[in-house]
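Working notes, beginning with the structure itself.
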Amino acid sequence: MKQVEFIDKNGAFRIHNPENYSGLYLPLAGETGLKSSITPNLGGDSKTDQNHFLLEPVSIENLHNNRNTRNFWCRIEDKGCWSVCGSSAKQEAEKFTKDQDESTLEAGFMWQKLTRISKEYGVKAETTSFVTLDGAMEVMMVELTNTAEYEQKITPMAVIPVYGRSADNIRDHRHVTSLLHRIETKMYGVEVCPVLSFDERGHQKNQTTYFVYGSTGEGEAPETFYPTTEMFIGEGGSYLIPETVRTVKDGVPAGTKLQGKEAAGGMRFASVTLKPQESAAYLILAGISEDREQIEKQTAAYRTKKQVEAALETVKKHWTDKVNVDFATGDTAVDNYLKWICFQPVLRRIFGCSFLPYHDYGKGGRGWRDLWQDCLALLIMEPSVVRQMIVDNYGGVRIDGTNATIIGSRQGEFIADRNNITRVWMDHAFWPFVTTKLYLDQTGDLNILLEKVTYFKDLQAKRGTAHDNAWDHVYGNKQRTEGGNVYFGTILEHILLQNLCAFYDVGDHNEMRLHGADWNDALDMAWERGESVAFTCAYAGNLKDIAECLKHLEAETGISRIEVAEEMKYLLADGTDLYESPDKKQELLEKYTSLCAHNIKGGTILISVEQIRKNLLGKAEWLMQHIRSKEWISAEDGMGWFNGYYDNHGNAVEYSKDQDVRMMLTGQVFAIMSGTAGEEQIKAVCKSADRYLFDKKAGGYRLNTDFKEEKFDLGRMFGFAYGEKENGAVFSHMAVMYANALYQRGFVSEGHKVLQTLLDAAMNFENSKMYPGLPEYFDNDGRGLYAYLTGAASWYMLTMITEVFGVKGKLGDLVIAPSLLPEQFDEKGDAGLQLEFAGKKFHIILHNPKKQSSRDGQIRQAVCDDQIILETEPEYGVRLSKKVIETLDSGKCHRIDVVLSE
Ligand code: G1P
């Protein structure tokens, strides 16, 4: 029997006895508000942010023994007690035995339904969980059915312990903060409103109320309440065998006020007698509210089974519609997996990197790099919101080409680092242009480059090497000129600054300095002498692409000169003497960053587009040539790869010496993607990666070989066990970017192998032990870890669309140049993709009855809506121009038939 089977075309799946696997959880959330995780035992937690946890915070390690979360008990007359989610001492003890309940979990985007059947008790419970769209509350609907052949009397009891405070208090003043709790029972539930939010730097009066409400499916209120943990579990009890459930003792009535205790939303409903096959439903609501007066009204909308069923349908439809991309690859399981991958960027936008059990990093928010990469997926799924997002995000760039790293909760809000940690991630400036380029291609909206935005300003100056002591909070977080005005520069100027400053910021080997780290956050111990060749390649690629973009700008808009801050003229210096000398480069950078360490002058200069273009191209070519000649490592058997890093001793990190082979994937990815690597070099890299990095069981291409050294002169990654996370795991994000780079350079079967192995590893449930989706990485045994919130998903989706199906924008035109392999077509030889482009819906069907590799022949014909013939691209592919797309009806889906073989 397959462990995970799909039950529709929108990713909904079914899995049996999921509680027998560790580390499984599903995200539940609203568009705003609550962010929850839920396990097959209904464990997990729920919060709105770091300081407002409804349920006690959990990380992956205490996820499986966390039983003080959602539970629903049945006391069955003459038999005993049973938990609908298996969270009872007895059920735990019987787990893995023949007496184990039969359980099945069905789940989809933001909902799950657990069905549990107990032979012993003759009961079936179906428990559906979701968060309302407005994020105000979690809804849990329990439907009990008497499966015995005789009548049974059941007394239902629900409990959701209310943690009701900041995650910081999980061990810091845990007891003291419970003394702040003010608890009140209402007609339908329990409300907890702490007096103040505990913070020794200055306590704040608290306005937030946490609640647990309940009713029967017909809307009747509970009979009695147990609003504290003490009352519910009893002396010496636990949430696995609570006293109230053992003894059915009475609690307190509505209208009771208590204080200073750990709170619980415990309640008992009137006993029911169910005939054979008869059912009864119960609804439990748990949420957080800033307006206590509204709780009664808000919960009233979910008081009956009918209301909740309708809300569930709305929730399902909402999230399913969010993923407006649909693949037909001939394998429905793959298509369903891809649905989850496309949903992952949505989840990351909501959960950031802090709020699911594996992702317990920091206190909320996302990093700069993630911000930009999540935009990639949005450009495909919700393009209309992305323009402003891009514009706002550029406001985080500093005038020295670095950027703010603390990102506020509102779009475009960047916060000065109060801790004065002057950490610079040297890859940060690379990503914005990558996203902007995709935006330009998808939309053709070159005007965005001329949009003017501010620069971020804080204490940091000179690329994290100095402080601007003249700066203070009164100055504010926007760069000013000597005249005291806030300075606005074009987005193009921001892009140029970011990439040009990086060009000069080099170390001893004339490669860009690593600073605090690059994409690999764990390469964080080579601040002084470390260099990242990997990202030197990446920036070289950017410089070349920016030049290309300027060409289009001039051609399309007629603009031949652009305005930049006068200080920037230094950055446009050129010449081999300068390029060859790390010292001269650093001197020049020092000059520039000194000039703008505090205010900038405020004057601007006009430079011809042609001049800048040539300048950028010259720099890009020099960089690539330099890397090709200095960093290539030749190994035996036609193998070879690029050295990607220098450590803090100034030594090359990668090499091939007898038995000691040190190879890292990152450097290869960016050498290939940027065009630095030549054809023959790519072949050698692929061969080496297959030999030294490939491990099918672990999901494909590892990040690096085993250095067998702690390497304190490069980063904490070498402290991680080999094969875990950034030290040599198959790290999905980099693996997918490897695939993307290979496809871009025409290495189709090599790219396909990368994508397919990742997917195969994830889909192999016996090993990966994860719900559908792409994990951040696979461990040595192939287990998928850090579910859902990985930047890999954006890249996977993007690669499938723009490279595999080859559907991409070219300055607003739609180009189709597929790279599918024969096995990616269905039995008829069709492959399909539905997506939105330029505000129009398209269903693109590739016909290939002979099942040849797409690129083996020319496209024979491509027609939109049976009438518009697509133009043929000079080399390969077809094109529907922006002009034609504009004439298409927005209300309907347009079918494009592309014939590859007949
Ligand atoms: C995570 C971070 C990403 C970082 C990467 C490697 O990747 O989110 O910014 O570059 O680790 O350190 P993700 O899980 O998003 O793929």
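Going by the numbering used here, the first residue of the sequence shown is number 39, and it counts up by one from there. C-beta atoms are modelled at their ideal positions from N, C-alpha and C, and glycine is treated no differently.
DSSP three-state assignment for residue i, whether helix, strand or coil
i      : result
Met772 : helix
Val363 : coil
Ser392 : coil
Glu604 : helix
Asn686 : coil
Val122 : coil
Ser694 : strand
Gln872 : strand
Asp935 : strand
Leu591 : helix
Phe573 : helix
Tyr477 : helix
His213 : helix
Leu926 : coil
Ser787 : helix
Endpoints, alpha helix (DSSP H) assigned at residue i
i      : result
Trp410 : Trp406 to Met419
Glu531 : Ile529 to Tyr542
Phe468 : No alpha helix (DSSP H) holds Phe468; DSSP gives it neither H nor E.
Met711 : Leu703 to Ser712
Gln336 : Ile333 to Ala338
Presumed contact (8 Å Cβ cut-off) between residue i and residue j, rounded CB distance
i      : j      : result
Tyr477 : Thr337 : Wrong, their Cβ atoms sit about 42 Å apart, outside the cutoff.
Leu350 : Phe168 : 6 Å
Glu140 : Ile45  : Rounded, the Cβ-Cβ distance is 17 Å, inconsistent with contact.
Met195 : Thr282 : 7 Å
Asn580 : Asn515 : Not quite, the Cβ-Cβ distance comes to about 26 Å (not below 8 Å), so this is no contact.
Per-residue burial, residue i [other beta carbons within 10 Å of its own, 16 or more giving buried]
i      : result
Asp733 : buried
Cys931 : exposed
Ile936 : The question names Ile, yet the displayed sequence has Val at residue 936. The residue is buried, with at least 16 neighbouring Cβ atoms inside 10 Å.
Glu625 : exposed
Ile459 : exposed
Phe750 : exposed
Phe843 : buried
Ser60  : exposed
Arg239 : exposed
Ser74  : buried
Gln649 : exposed
Ser121 : buried
Lys657 : buried
Ala578 : buried
Pro265 : buried
Tyr188 : exposed
Met772 : buried
Asn79  : buried
His885 : buried
Range covered by the beta strand (DSSP E) that runs through residue i
i      : result
Phe44  : Val42 to Phe44
Thr223 : Arg220 to Thr223
Met677 : Per DSSP, Met677 belongs to no beta strand (DSSP E) and is neither H nor E.
Glu140 : Glu140 to Gly146
Met269 : That residue, Met269, is in no beta strand (DSSP E); its alpha helix (DSSP H) goes Thr267 to Ile271.
Phe51  : Phe51 to His54
Lys313 : Premise fails: Lys313 is in no beta strand (DSSP E) and is neither H nor E.
Met305 : Ala301 to Arg306
Val901 : Gln899 to Cys902
Ile882 : Lys878 to His885
Gln624 : Per DSSP, Gln624 belongs to no beta strand (DSSP E); it is in the alpha helix (DSSP H), Pro620 to Leu633.
Val27  : The question about residue 27 has no answer here: the residues shown for the chain are numbered 39 through 940.
Any non-hydrogen atom of the ligand SAM closer than 6 Å to residue i Cβ
i      : result
Asn441 : The ligand content of the structure shown is limited to the ligand G1P, which means the ligand SAM is not among them.
Beta-ladder partner(s) of residue i, from DSSP
i      : result
Asn441 : Val435
Glu164 : Thr153 and Glu181
Thr492 : Phe526
Trp111 : Ser121 and Met195
Trp670 : Phe680
Val228 : Thr223 and Val250
Met563 : In the DSSP output, where bridge partners are listed per residue, Met563 has none listed.
His505 : Gln498
Any chain C beta carbon closer than 7 Å to residue i
i      : result
His505 : Here chain C cannot be found, since the structure has a single protein chain.
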